[in-house]
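Counting with the UniProt record's numbering, you get residues 1 to 320 for the letters of the sequence shown.
The C-beta atom is built at its ideal place from N, Cα and C for all residues, glycine as well.
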Amino acid sequence: MTWETKYKSLELQKPDVYELEGLEVGVTSNCNFKCDYCCAYQRNDGQSISGSEVVRIIDEIPTLKRVRLSGGEVTLKYEDCLEIVAHCTSKGIATQLNTNASLLNAGRIERLRDAGLTNIHISFNFTNAEQFAAYYRIHPRIYEKITENIRLCTEAKLETVLETLLFAETQNNMREIGDKVYELGVRIHEIQNSIVMNHSSWDAIASREALIRSVQELIAHKKDDTVLYFTCMDRFAEALGFREQPGVYFSHCVDGKKQLHLHGNGDILICELCRPVVIGNIYEGTVLKNIYTHKPEPLKQFLAKLPCPAYDALFPSSQR
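Written out as structure tokens, the structure reads:
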């Protein structure tokens, strides 16, 4: 397996057999940011899950290939994350840490690397402190801290992925953002297409024209030593004229098909981002290793219809 597909390999083939190969764990619902666009299920509800409990759950799922740790802000429970990563490494399970990077430092980054973290995944939507501070309503110095930590991640040889949300605030600046990602030393850039968040009333999605322009620009100006992952676009990539090429991937959606989300209170969700439907609870009788054998009714309905809010936003039923 090449370096560019170590964690993403699950999404580079279209899911045809549904089984639990990926688990996203909301280690804590608490966060030190207050983002308007946030898919955190019941953010700041005080729920969290210990590292030892996650390890126990992982050991009960023989089909598991990767674990994603998220929040809230996951590094608020840094030691738990370290315990989970080290355990996954010992079992050959790939790991990803989703973080805003504000609470990292050189020592923490090196310990994550040494524990075997497959990649660190950091949100990155703005190219200067002023834009960043205005959008997130926090002090500009935090942006400086985040960019410093991104450089520390790359200098520590920790595989670093920066994710940019393609939405109203970024749709006219994607090439500039791509250049900044490269300047920071990062060679893996993930572009997440925005979707309407019915459960949070967030709807600042990118227009179809801006999406096409942004994707084309990013591909046209991609450096040879970089990899681009475009997510939540696989259902309509071909219809918009997008094509994969070396270092350019339109990742297949695995949420609900091969990956589920686990909240700190034990709730199991189809997908925290676009389908935050509770399909069971590990503390109320749901057995994760059997969930695709004895499918809960909401999961059955999801797999029968495979709804996609990204597709629906760009191709309304009235235009099909």
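Assuming contact is defined by CB atoms lying nearer than 8 Å, are residue i and residue j in contact in what I supplied?
i	j	result
residue 230	residue 251	yes
residue 188	residue 227	yes
residue 177	residue 153	no
residue 21	residue 180	no
residue 215	residue 190	no
residue 6	residue 118	yes
residue 165	residue 131	no
residue 93	residue 66	yes
residue 143	residue 129	yes
residue 100	residue 33	yes
Identify, in the order they occur along the chain, each residue of the same chain with its Cβ nearer than 6 Å to the Cβ of residue i, setting aside the five sequence neighbours on each side.
i	result
residue 54	25 and 84
residue 271	255 and 256
residue 368	The structure shown does not extend to residue 368, since the chain is modelled only from 1 to 320, so the question has no answer here.
So what does DSSP say about residue i, is it helix, strand or coil?
i	result
residue 114	helix
residue 79	helix
residue 59	helix
residue 22	strand
residue 149	helix
residue 109	helix
residue 158	coil
residue 134	helix
residue 84	helix
residue 170	coil
residue 104	coil
residue 142	helix
residue 204	coil
Kindly list the residues whose CB is nearer than 7 Å to the CB of residue i, restricted to its own chain and excluding five residues on each side of it in sequence; keep chain order.
i	result
residue 145	102
residue 182	223 and 226
residue 309	195, 196 and 274
Provide the residue span of the alpha helix (DSSP H) that contains residue i, from first to last.
i	result
residue 217	208-220
residue 311	309-314
residue 177	174-183
May I ask which residues mark the beginning and end of the beta strand (DSSP E) holding residue i?
i	result
residue 301	Taken as a continuous stretch (DSSP letters only), residue 301 belongs to no beta strand (DSSP E), being part of the alpha helix (DSSP H) at 297-305.
residue 229	227-231
residue 243	Here residue 243 belongs to no beta strand (DSSP E), and DSSP marks it neither H nor E.
residue 276	275-281
residue 27	No beta strand (DSSP E) holds residue 27; DSSP gives it neither H nor E.
residue 286	No beta strand (DSSP E) contains residue 286, which DSSP labels as neither H nor E.
residue 268	267-271
residue 67	66-70
residue 127	Careful: residue 127 lies outside any beta strand (DSSP E) and carries neither H nor E.
To the nearest angstrom, how far is the alpha carbon of residue i from that of residue j?
i	j	result
residue 219	residue 253	20 Å
residue 217	residue 194	18 Å
residue 261	residue 127	31 Å
residue 168	residue 207	8 Å
residue 293	residue 57	18 Å
residue 210	residue 60	44 Å
residue 213	residue 314	14 Å
residue 185	residue 263	33 Å
residue 155	residue 312	41 Å
residue 149	residue 282	35 Å
residue 221	residue 171	16 Å
residue 238	residue 12	15 Å
residue 106	residue 23	28 Å
residue 302	residue 15	14 Å
residue 163	residue 233	14 Å
residue 81	residue 74	8 Å
residue 276	residue 298	11 Å
Skipping 5 residues on each side, what residues in its chain have a beta carbon closer than 8 Å to that of residue i?
i	result
residue 63	19, 20, 21 and 289
residue 79	51
residue 245	219
For chain C, find out if any of its Cβ atoms is closer than 8 Å to the Cβ of residue i; answer yes or no.
i	result
residue 96	The displayed structure is made up of one protein chain only, and chain C is not part of it.
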